[in-house]
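Novice:
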Amino acid sequence: MSSELVPVPRTAVIVVAAGSGQRLGAGAPKAFVGLDAHTVLRHALAGVFAAPLAQVIVVAPEDRVGDALTEAREAAGERHDLVSVVAGGATRQESVAAGLRAVWPDVERVLVHDAARALTPPHVFARVIAALESGKDAVLPVLPVVDTVKRVDGDAVREAVDRSELAAAQTPQGFSRKILDAAYAAASRDHTDDAALVQSAGTAVWTVPGDERGFKITTPADLDRARAVLGAAAPSRGVPMPRVGVGTDVHAFGGEGDLWLAGVAWPGERALHGHSDGDAVAHAIVDAVLAAAGLGDIGTHFGTEEVQYAGAHADVFLARTRELVTAAGFEIGNVSVQVQARRPRFAARRAEAESVLSTALGAPVSVSATTTDGLGFTGVGEGVAAFAVAVVFPR
Ligand code: CTP
Ligand code: MG
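The sequence shown begins at 1 in this note's numbering and counts up by one.
1) Rounded to the nearest angstrom, what separates Asp155 and Val149 at their Cα positions?
2) Under 7 Å Cβ to Cβ from Ala360, same chain only, skipping five residues before and after it: list those, please.
3) For ligand 1, is there a heavy atom less than 7 Å away from the beta-carbon of Arg213?
4) Return the residue from the list Trp206, Ala226, Val205, Pro220 that minimises the CA-CA distance to Glu212.
5) Which residues count as close to ligand 1 when the rule is a CB under 7 Å from any of its heavy atoms, in chain order?
6) What is the DSSP secondary structure of Lys150, reduced to helix, strand or coil?
7) DSSP beta-bridge partners for Trp266?
8) Decide if His80 is buried, meaning its Cβ has at least 16 other Cβ atoms within 10 Å, or exposed.
9) Would a C-beta distance cut-off of 8 Å place Gly77 and Thr326 closer than the cut-off?
10) Using only the alpha-carbon positions, how far apart do Pro121 and Leu111 sit?
11) Run the CB neighbour count on Pro267, radius 10 Å, all protein chains shown included, and call it buried at 16 or more, exposed below.
12) Closest by CA to Ala293, which one among Ala18, Arg350, Arg10, Thr321?
13) For Ala44, count the other beta carbons within 10 Å of its own beta carbon; 16 or more makes it buried, fewer makes it exposed. Which is it?
14) Taking just the CA atoms, how far does Gly47 sit from Leu69?
15) Does the beta-carbon of Ser20 have 16 or more other beta-carbons within 10 angstroms, so that it is buried, or is it exposed?
16) Out of Glu165, Gly135, Ser134, which one is the CA nearest neighbour of Val146?
17) Taking just the CA atoms, how far does Arg395 sit from Leu290?
18) Do Leu272 and Ala252 have their C-beta atoms closer together than 8 Å?
19) Can you tell me whether Pro105 is buried or exposed? The criterion is at least 16 other CB atoms within 10 Å of its CB, across all chains shown.
20) Nearest-angstrom Cα distance between Thr12 and Gln338?
21) Contact between the region 243-261 and the region 204-222 is defined here as three or more beta-carbon pairs at a separation below 8 Å; is this criterion met?
22) Flag this pair as touching only if the region 295-311 and the region 337-354 have three or more C-beta atom pairs under 8 Å; answer yes or no.
23) Who are the Cβ neighbours of Thr378 in its own chain at under 7 Å, not counting the five residues just before and after it?
24) Does DSSP put Lys49 in a helix, a strand or coil?
25) Considering only the beta carbon of each residue, do Ala17 and Val59 sit closer than 8 Å?
26) Quick one: what's got a C-beta closer than 6 Å to Ala390's C-beta in the same chain, skipping five residues either side?
27) Look at the Cβ atom of Val157, then the Cβ atom of Val139, and state whether they are nearer than 8 Å.
28) Taking a contact to mean a Cβ-Cβ separation below 8 Å, would you say Ala284 touches Tyr184 in this structure?
29) Is it buried or exposed for Leu53, if we count other Cβ within 10 angstroms and need 16 for buried?
30) Reducing DSSP to helix, strand and coil, say where Ala369 ends up.
31) Among His38, Val161, Leu143, whose alpha-carbon lies nearest the alpha-carbon of Arg151?
32) For Ala160, which of helix, strand or coil comes out of DSSP?
33) In whole angstroms, what separates the C-alpha of Gly278 from that of Arg345?
Laid out in structure tokens, this is it:
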């Protein structure tokens, strides 16, 4: 994908990682404590880079800016031009303010995320961004409170609190950039989070569902929990546990120009209809691989409004898919895809298609093809269908 086609992101994510981690007491700033082979910060950034395209600003302790930049570049992969690191302040609020000063001019929405919520899944980011896009100015991911809650005074219980009125706040919290800038400029005292600051400036805040995995690593017990979550997802007895995903896609004939299917052009065959080239085989592979890594589906990452995917071929989709799953900490094992179509005839070009798809994805892709004995829409030649299964491994 050539760089001039990549749009300037309209969203920025500020990852605050400048705290000292007093309560964790791990002998290093919390964001730089290891969870497995990777630090808290690196895991947090893997989630950020697997979420929709955004400028990413890491706010680090002043003496850790260099380390943070190394981590951020590694997590970003080919997207390293989107990342910057700035030094934080004495409080979380000062650290967010430092991050805000580094937001690019064209950015319209800003998400603020605690690095300490290292295992927050990408779909929470996508959810917050979607709520902002639907017109909300301030969006907060929340979880229901499950414990019975009491108001206390020292060790005396004063009263029970109705938990149905309560919600536990998480990050990333999302805001219209103008509103967040104005609230920060006007802030006269410290608030516990950005939603509280914006609300005190008079903006209504709306909730979206958070996720259990977005818990904040605060105490040593939280660190154990994070390591256990990762341990359950990753190698057991030295054998990495694979994860599978399934994907299907259908496109109708009736597009312009040549047919593109399974990553190759088929001159003389009728083209498929679609926002991109209508390559159902490539799209089924993308869905299967993203599903295996738990990263949503093709619509989560390849919006039809994104200009660089208009007319794009399989190589663009598969290369980006590989970047996404790599950033999320997975390696692709293999993919098997079957196409159902009366035409084109795959037998003579199956090996060529496998080679093109495997190169683009960076993992073996096997292609099989079948007709359906004249039955259904593929049988009468109205369109093609593709079904893919993918295996990924935690790295
Ligand atoms: N944070 C920050 N700058 C600060 C304080 C906090 O960027 N001056 C960040 C932390 O790095 C963390 C998030 O804000 O990702 C939430 O803060 P918290 O969990 O309180 O982290 P620490 O302040 O590091 O921990 P502690 O309060 O135990 O010292
Ligand atoms: Mg703190």
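C-beta: ideal position from N, C-alpha, C; glycine also.
This structure is a prediction, so every number in the text was calculated from the model and none was measured.
Specialist: According to the structure shown:
1) Approximately 14 Å, taken between the alpha carbons.
2) Gly263, Ala314, Asp315, Leu318, Ala319
3) no
4) Taking only the C-alpha atoms, the option nearest Glu212 is Ala226.
5) Cβ-based neighbours of ligand 1 within the cut-off: Val16, Ala17, Ala18, Gly19, Ser20, Gly21, Gln22, Arg23, Leu24, Pro29, Lys30, Ala31, Val59, Gly88, Gly89, Ala90, Thr91, Arg92, Glu94, Ser95, Asp114, Ala115, Ala116, Lys216, Thr218.
6) strand
7) Leu259
8) exposed
9) Contact flag set, yes.
10) As the crow flies, the alpha-carbon of Pro121 is around 14 Å from that of Leu111.
11) exposed
12) Thr321
13) buried
14) Rounded to whole angstroms, the separation of the alpha carbons of Gly47 and Leu69 is 17 Å.
15) exposed
16) Out of Glu165, Gly135, Ser134, Glu165 has the C-alpha closest to the C-alpha of Val146.
17) 16 Å
18) Their beta carbons are under 8 Å apart, which means Leu272 touches Ala252 by this criterion.
19) exposed
20) One detail in the question is off: residue 12 reads as Ala in this sequence, not Thr. For Ala12 and Gln338, the distance between alpha carbons rounds to 39 Å.
21) A contact is defined here as three or more CB-CB pairs under 8 Å, and the region 243-261 fails this definition with respect to the region 204-222.
22) Taking 8 Å as the limit for Cβ pairs, the verdict is that the region 337-354 does not touch the region 295-311.
23) Gln340, Ala341, Arg342, Thr372, Val384, Ala385
24) This sequence places Phe at residue 49; Lys is not what is there. Helix at Phe49.
25) Yes, the pair counts as a contact, with Cβ atoms nearer than the cut-off.
26) Gly245, Ala288, Val289, Ala292, Val335
27) no
28) no
29) By the neighbour-count definition (other C-beta atoms within 10 Å, threshold 16), Leu53 is a buried residue.
30) Of the three classes helix, strand and coil, the one that applies to Ala369 here is strand, per DSSP.
31) Val161
32) Shown here, Ala160 sits in a strand according to DSSP, grouped into three states.
33) In this model, Gly278 and Arg345 are separated by some 17 Å (Cα to Cα).
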